[in-house]
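>
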Amino acid sequence: MVGGRVPRRDGGRCGLAVSGNGEGMAVTLRQLVADARLGLRVVFGHEGLDHPVRWVAVSELPDPGPWLGGAELLLTSGMWLRDEPDRAAAAERWADRLAAAQARAVGFGLDPWFTEIPAEVVAATRRHRLTLLEVPVRTPFVAVDRAVADLNAAEARKEAEQARRVQQRLAEAGRAGRQAVIDRLARELRGWVAVLDAGHAVTLRAPHDAGPSGAALAALARRADRQSLHMLQDELDGVPVTAVPLGPARERRGTLCVGAGMVAERPNWTAGIVGTAAALLTVLERGGERELRGVVGNLLAEGDVRAAARVAAIVELPLPSEMIAVALTGPGHRQATARIVAAGGWPASRDPAVVLATPGFGEERLPGLLGSARAGVSSPRPPEQAVAGIREALLAAGLTRPDRPVVRYADTPAMELDRLLSSSGAVRFADALLAPVNAAPDAAALLTAARAWVAANYRWDPAAAAAGVHRETIRARLNRLAALASLNLDTPGDRLALSLALSVLPTTTHQVTPPQR
Numbered sequence: 001m002v003g004g005r006v007p008r009r010d011g012g013r014c015g016l017a018v019s020g021n022g023e024g025m026a027v028t029l030r031q032l033v034a035d036a037r038l039g040l041r042v043v044f045g046h047e048g049l050d051h052p053v054r055w056v057a058v059s060e061l062p063d064p065g066p067w068l069g070g071a072e073l074l075l076t077s078g079m080w081l082r083d084e085p086d087r088a089a090a091a092e093r094w095a096d097r098l099a100a101a102q103a104r105a106v107g108f109g110l111d112p113w114f115t116e117i118p119a120e121v122v123a124a125t126r127r128h129r130l131t132l133l134e135v136p137v138r139t140p141f142v143a144v145d146r147a148v149a150d151l152n153a154a155e156a157r158k159e160a161e162q163a164r165r166v167q168q169r170l171a172e173a174g175r176a177g178r179q180a181v182i183d184r185l186a187r188e189l190r191g192w193v194a195v196l197d198a199g200h201a202v203t204l205r206a207p208h209d210a211g212p213s214g215a216a217l218a219a220l221a222r223r224a225d226r227q228s229l230h231m232l233q234d235e236l237d238g239v240p241v242t243a244v245p246l247g248p249a250r251e252r253r254g255t256l257c258v259g260a261g262m263v264a265e266r267p268n269w270t271a272g273i274v275g276t277a278a279a280l281l282t283v284l285e286r287g288g289e290r291e292l293r294g295v296v297g298n299l300l301a302e303g304d305v306r307a308a309a310r311v312a313a314i315v316e317l318p319l320p321s322e323m324i325a326v327a328l329t330g331p332g333h334r335q336a337t338a339r340i341v342a343a344g345g346w347p348a349s350r351d352p353a354v355v356l357a358t359p360g361f362g363e364e365r366l367p368g369l370l371g372s373a374r375a376g377v378s379s380p381r382p383p384e385q386a387v388a389g390i391r392e393a394l395l396a397a398g399l400t401r402p403d404r405p406v407v408r409y410a411d412t413p414a415m416e417l418d419r420l421l422s423s424s425g426a427v428r429f430a431d432a433l434l435a436p437v438n439a440a441p442d443a444a445a446l447l448t449a450a451r452a453w454v455a456a457n458y459r460w461d462p463a464a465a466a467a468g469v470h471r472e473t474i475r476a477r478l479n480r481l482a483a484l485a486s487l488n489l490d491t492p493g494d495r496l497a498l499s500l501a502l503s504v505l506p507t508t509t510h511q512v513t514p515p516q517r
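As structure tokens, then:
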């Protein structure tokens, strides 16, 4: 099975490997065909070149259908057809299963089994309206996989930058009030926007005469309320609509409804934009600094520092240069949280209760506000590192006791481990251990698989689920990494060595593109 040139295409397995981004904007077949480095030739199906392709699947199975989720480009060298007595029937069954699984296209690799695409495959894929591409001998399947990953990464960066600019314009519009926010939102999404109050009456529209009737919007808002949905997506008058609450779930102050084609075409992107607009509208309606700090704190807890800074700028409440995270626990922790927020904290989450504050606040005022509650306190960090600070605070909170109500992360054993892992000796150890892995062409995929495996406590199925790959793909990558690094991952010592090395290396290292399967 691993003779000839099969290893070049799918690692020598007769199974299936898949790669892609799973969501967001996807690349198209036309973009792949336009890449001269790949040399792909369209045999037929030009009308399907603008279909999005989210995944690349490599399979030599006669029935890859159960392993597909739709919108794949399936790559094969036709090994499944080689020994079939009735090639026409086998090709027909194979193409029928691909079409049923909603695959987009087939890339047939020349050699080692066929010097040209078999006529039976051409006929079967044509009947099932699958775009057929010829993959030349010089192009390994992994090159197609990487091209899709690179294009998806470029699309993701483009989409993120677009969202950042839109959110910035929304924040700037907020200085002129709520109507200005929804006017800007309607223009950005090329649709209509309506704001309903807590009684489901329309209070604002943009454009002023656009969108469904007030009764239809009220029915949508009531349904969202009854189902306690953070976001409801539906269709009104043939237009995709999304509805999000204004204010916390238990204190809904109204509903923001947006109707636009983008709601269906770019659901994740529009969800972020609409969510930002809802936060702005909530803050502007309440007009209170405490509510604003809650919005900003939640954005920081999600790692969206840019959006947090833009929202804070609306009412000229700049973020401090350093912040601490305070995680509250024990009896009366909710009351303590409310007192800290009232005194100027930035609430970041309710469950578990976490508040951000300035380092001076933590030293001077925190003990007097706790009452019977207990608190874990992080090290001072810039707002960009709020997520790491929250992790520190939660760890410290787990070490509190009635006789030790405040635990600072700087005083915990974990802090000493952080110091050890950031030492020059630890860096040298990690570099030496993983140098052969870093030199491999598939280093990004190997290290991504290793991080998922370690994070899953060395369990295969959870690691595969987290990485979005098949468990055998995770196994194969870890086996390859172990061979490169001279590790025996069946032993506790070598597992610990790998875990420490991965902890030392920056998480962004070798993760420019999604993992390759």
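full-length UniProt numbering numbers the first residue of the sequence shown as 1 and each following residue consecutively. The C-beta atom is built at its ideal place from N, Cα and C for all residues, glycine as well.
#1: Where does HIS333 land, buried or exposed, given buried means 16+ other C-beta within 10 angstroms?
#2: Under DSSP, the beta strand (DSSP E) around PRO347 begins and ends at which residues?
#3: Just mark GLY174 as buried or exposed, buried being the case when its beta carbon has 16 or more other beta carbons within 10 Å.
#4: With C-beta atoms as the reference, is ALA464 less than 8 Å away from HIS470?
#5: For ASN152, count the other beta carbons within 10 Å of its own beta carbon; 16 or more makes it buried, fewer makes it exposed. Which is it?
#6: Comparing C-alpha positions only, which one of ASN488, ASP150, ALA198 sits nearest to LEU220?
#7: Kindly indicate the opening and closing residues of the beta strand (DSSP E) around ARG408.
#8: Counting only the same chain and skipping the five closest in sequence on each side, list residues whose C-beta sits under 8 Å from that of LEU317.
#9: For GLY22, which residues in the same chain have their Cβ closer than 8 Å to its Cβ, ignoring the five residues on either side in sequence?
#10: Find the nearest neighbour of GLY238 within the set ALA216, THR358, VAL311, judged by alpha-carbon distance.
#11: Once DSSP output is grouped into helix, strand and coil, what is the label at TRP55?
#12: Using DSSP's beta-bridge definition, name the partner residues of MET262.
#13: With 16 as the cutoff for other CB atoms within 10 Å, does SER77 come out buried or exposed?
#14: For ASP86, report the span of its beta strand (DSSP E) as first-last.
#15: Keeping to the same chain, check which residues put their C-beta closer than 7 Å to that of GLU235; ignore five residues upstream and five downstream.
#16: How many angstroms separate the CA atom of THR139 from the CA atom of ARG157?
#17: Can you tell me the Cβ-Cβ gap for GLU159 and VAL43, rounded? I've got them flagged as a contact below 8 Å.
#18: Taking all protein chains shown into account, do 16 or more other C-beta atoms lie within 10 angstroms of the C-beta of LEU280, making it buried, or fewer, making it exposed?
#19: Mind checking LEU319: buried by the 16 CB within 10 Å criterion, or exposed?
#20: Quick check on the DSSP output: the beta strand (DSSP E) that includes PRO245 runs from which residue to which?
#21: Rounded to the nearest angstrom, how far is the Cβ of ARG104 from that of GLY48, given a contact under 8 Å?
#22: Do ARG223 and HIS200 have their C-beta atoms closer together than 8 Å?
#23: With the cut-off set at 8 Å, would you say ARG495 and TYR458 are in Cβ contact?
#24: Give the straight-line distance between the Cα atoms of LEU370 and GLU364, rounded to the nearest whole angstrom.
#25: Report whether the distance from the Cβ of ALA278 to the nearest heavy atom of the ligand ATP is below 7 Å.
#26: What does the Cβ neighbour count give for GLN227, buried or exposed, with the cut at 16 atoms within 10 Å?
#27: Can you list, in chain order, the residues of its chain with a C-beta nearer than 6 Å to that of GLY330? Leave out the 5 residues immediately preceding and following it.
#28: Please work out which residues of its chain come closer than 7 Å, Cβ to Cβ, to ALA388, disregarding the five sequence neighbours upstream and downstream, and give them in chain order.
#29: Run the CB neighbour count on THR203, radius 10 Å, all protein chains shown included, and call it buried at 16 or more, exposed below.
#30: Drop a sphere of 10 angstroms on the beta-carbon of residue 519, count the other beta-carbons inside from all chains shown, and report buried for 16 or more, exposed for fewer.
#31: Are the CB atoms of LEU498 and ARG477 within a distance shorter than 8 Å?
#32: Touch check for the stretch 103 to 117 and the stretch 160 to 174: three-plus C-beta pairs under 8 Å?
#33: Taking TRP94 as the reference, which of LEU356, LEU75, PRO64 has the closest Cα?
#34: Using only CA atoms, which one of LEU284, SER213, LEU394, ALA194 lies nearest to ALA206?
#35: Taking only three categories from DSSP, how would you classify THR358?
#36: Indicate the three-state DSSP secondary structure (helix, strand or coil) for THR329 in the structure shown.
According to the structure data:
#1: For the purposes of this step, residue 333 is identified with residue 333 of the sequence shown, where counting begins at 1. Counting Cβ neighbours within 10 Å, HIS333 comes out buried, since at least 16 surround it.
#2: In the sequence shown, the residue the question calls residue 347 occupies position 347. Here the beta strand (DSSP E) through PRO347 covers 346 to 349.
#3: Stepping through the sequence shown from its first residue, residue 174 is reached at position 174. By the 10 Å Cβ count, GLY174 comes out buried.
#4: If you number the sequence shown from 1, residue 464 lands on position 464. If you number the sequence shown from 1, residue 470 lands on position 470. Yes; because the gap between Cβ atoms is below 8 Å, this pair is in contact.
#5: Along the sequence shown, one-based indexing puts residue 152 at 152. Buried, by the Cβ-count rule.
#6: One-based indexing of the sequence shown puts residue 220 at position 220. Measuring from the Cα of LEU220, the nearest candidate turns out to be ALA198.
#7: If you number the sequence shown from 1, residue 408 lands on position 408. Note, ARG408: beta strand (DSSP E), 406 to 408.
#8: As a working mapping, residue 317 is identified with position 317 in the sequence shown. Hits under 8 Å: GLU289, LEU292, ARG293, VAL296.
#9: For the purposes of this step, residue 22 is identified with residue 22 of the sequence shown, where counting begins at 1. Low confidence applies to GLY22: its pLDDT is 38, below 50, so where it sits in the model is not reliable enough to give any reading.
#10: Here residue 238 is taken as the residue at index 238 of the sequence shown, counted from 1. Closest by alpha carbon: ALA216.
#11: The residue given as residue 55 occupies position 55 in the sequence shown. Residue state, collapsed to three classes: strand.
#12: Your numbering for residue 262 matches position 262 in the sequence shown. None; MET262 has no bridge partner.
#13: Looking up residue 77 in the sequence shown gives position 77. So SER77 counts as buried.
#14: Residue numbering aside, residue 86 sits at position 86 when the sequence shown is read from its first letter. Where ASP86 is concerned, there is no enclosing beta strand (DSSP E), given that its DSSP letter is neither H nor E.
#15: The residue labelled residue 235 in the question sits at position 235 within the sequence shown. Here the set comprises VAL241.
#16: Taking the sequence shown and counting its residues from 1, the one referred to as residue 139 is at position 139. Taking the sequence shown and counting its residues from 1, the one referred to as residue 157 is at position 157. Each residue's alpha carbon lies about 27 Å from the other.
#17: Counted from its first residue, the sequence shown places residue 159 at position 159. Counted from its first residue, the sequence shown places residue 43 at position 43. About 32 Å separates the two Cβ atoms, so there is no contact after all.
#18: Working through the sequence shown from its first residue, we reach residue 280 at position 280. Buried.
#19: Residue numbering aside, residue 319 sits at position 319 when the sequence shown is read from its first letter. Buried, because 16 or more other Cβ atoms sit within 10 Å of the Cβ of LEU319.
#20: Taking the first residue of the sequence shown as 1, we reach residue 245 at position 245. Where PRO245 is concerned, the enclosing beta strand (DSSP E) stretches over 239 to 246.
#21: Looking up residue 104 in the sequence shown gives position 104. Looking up residue 48 in the sequence shown gives position 48. Right, their Cβ atoms sit about 7 Å apart.
#22: Taking the sequence shown and counting its residues from 1, one reaches residue 223 at position 223. Taking the sequence shown and counting its residues from 1, one reaches residue 200 at position 200. No, the Cβ-Cβ distance between ARG223 and HIS200 is not below 8 Å.
#23: Locating residue 495 in the sequence shown gives position 495, where the first residue counts as 1. Locating residue 458 in the sequence shown gives position 458, where the first residue counts as 1. Contact flag set, yes.
#24: Mapped onto the sequence shown, residue 370 falls at position 370. Mapped onto the sequence shown, residue 364 falls at position 364. Approximately 12 Å between the Cα atoms of the pair.
#25: You won't find the ligand ATP in this model; it holds no ligand whatsoever.
#26: As a first step, residue 227 must be located in the sequence shown, where it is residue number 227. Counting Cβ neighbours within 10 Å, GLN227 comes out exposed, since fewer than 16 surround it.
#27: What you label residue 330 is simply residue 330 of the sequence shown in a count that begins at 1. Counting only Cβ-Cβ distances below 6 Å, and skipping sequence neighbours, we find ALA373, ARG374.
#28: Looking up residue 388 in the sequence shown gives position 388. Closer than 7 Å at Cβ, skipping near neighbours: ARG381.
#29: Taking the sequence shown and counting its residues from 1, the one referred to as residue 203 is at position 203. Looking at its Cβ environment, which holds fewer than 16 other Cβ atoms inside 10 Å, THR203 is exposed.
#30: For the chain, the structure presents residues 1 to 517; residue 519 sits outside this window and is missing.
#31: One-based indexing of the sequence shown puts residue 477 at position 477. One-based indexing of the sequence shown puts residue 498 at position 498. No.
#32: no
#33: Your numbering for residue 94 matches position 94 in the sequence shown. The shortest Cα separation from TRP94 among LEU356, LEU75, PRO64 belongs to PRO64.
#34: Taking the first residue of the sequence shown as position 1, residue 206 is located at position 206. Taking only the C-alpha atoms, the option nearest ALA206 is ALA194.
#35: Here residue 358 is taken as the residue at index 358 of the sequence shown, counted from 1. Coil.
#36: In the sequence shown, residue 329 corresponds to position 329, counting from 1. In the structure shown, THR329 sits in a strand (DSSP, three-state: E or B).
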